[in-house]
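Numbering (the numbering used here), first residue to last: 2 to 375.
Backbone N, C-alpha and C fix where the C-beta goes; we use that ideal spot for every residue, glycine too.
Note that the structure is predicted; figures quoted are calculated from it, not measured.
Beneath this line is the structure, given in structure tokens, with notes to follow.
If you want it as structure tokens, here you go:
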């Protein structure tokens, strides 16, 4: 190399040393520039970028936004970038232009590009508004539910379905117009054992109390007398027991504070027989209460609403004669008198299926007679 450049050996060493010093000086300047950049706080950069934020409450920027010209906002941000480039490196002499461009790209590029993308992006919001005008509130409500209807069949309980089908198939009206219904059973009634013996023991125990309270006895006897006079129970004259029967226990609940019904007779269909099975155990209850939401919705459809009570509602409905022996009771007119057997002919409160039979019969009555009230 010395021969080609026509330099002496000492001169060549001197040139190499100078080149090394220049290289070291350039690296030193580069490191100093990097150190100075690291000392710049991010908060100072963010203060400059705050000028580029678009706020609806700002009058200066709101005019540009309302004008619908994204290019005007873009121009302002580009101008901001040029200004920031000239002012940011004003005090840093030793940073090469290539490094300045790279630093600006890293600092400004990502933030400004995101901001430009956000501003220039067109957002479309669609709102659908429908108005139903109809004087008939029922029709309006019906249309609303038809629109909101989801085509999913509700799950029907098996017991409810059996009770409904059985009622539809077996109910009828007699010559007086009264409904005659049948109880839905989940087992053959032959599974019931002896229930008369426990009924006799309970009656004797009841009479011990009745004999000590003449007022209680008078109310009890009067209740059963009225029950028979109204045709809701009848005396059993046959001496032989039918193949399937059940004796219902009964007792009284005194309510002296009541003005009308001071004594309420309670029938107990849950007393087990000798087989451990009671009448309520083989009865299907059926569906009694409807959904609360349906009740409230129907109530709100009308301008006026009223409540009422049906006197002796259960006892207005007759039980099929073939099943009346499942509703037997015993009674006697004195402590040492003969025990008499009676048969309850109507729906009996105290049996688990009584609420279903009563409510379902009322619904059937409304269906059968609505033509006279339309």
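Spatial neighbours of residue 161 in its own chain (CB-CB distance under 8 Å, excluding positions within 5 residues in sequence) are listed in chain order as 287 and 288. In the DSSP assignment, residue 167 falls within the unbroken alpha helix (DSSP H) covering 159-171. Of all alpha-carbon atoms in 236, 167 and 253, the one lying nearest the alpha-carbon of residue 207 is that of 253. For residue 248, no alpha helix (DSSP H) run applies, since DSSP gives it neither H nor E.
For residue 299, the uninterrupted alpha helix (DSSP H) segment begins and ends at 293-301. For residue 217, the enclosing alpha helix (DSSP H) begins and ends at 215-230.
When beta bridges are read from the DSSP output, residue 350 appears opposite 352.
DSSP places residue 362 in the helix class (H, G or I) of the three-state scheme. In its chain, beyond the 5 residues on either side, 211 and 212 have a beta carbon closer than 8 Å to the beta carbon of residue 218. Scanning 293, 231 and 224 for the CA closest to the CA of residue 261 turns up 224. In this structure, the CA atom of residue 186 is about 5 Å from the CA atom of residue 284. In chain order, 344, 345 and 346 place their CB closer than 8 Å to the CB of residue 325, counting only its own chain and leaving out the 5 sequence neighbours on each side. Contact between the segment 183-202 and the segment 295-307 is not established, with fewer than three Cβ pairs separated by less than 8 Å. In this structure, the beta-carbon distance from residue 280 to residue 341 does not fall below 8 Å. If the five residues before and after residue 332 are omitted, its C-beta is found closer than 8 Å to the C-beta atoms of 204, 225, 340, 341 and 343, all from its own chain and listed in chain order. If you compare the alpha carbons of 271, 318 and 310 with that of residue 234, the shortest gap goes to 318. Under the DSSP assignment, residue 199 falls in the alpha helix (DSSP H) whose first and last residues are 197-211.
DSSP places residue 266 within a strand segment (E or B) once states are collapsed to three.
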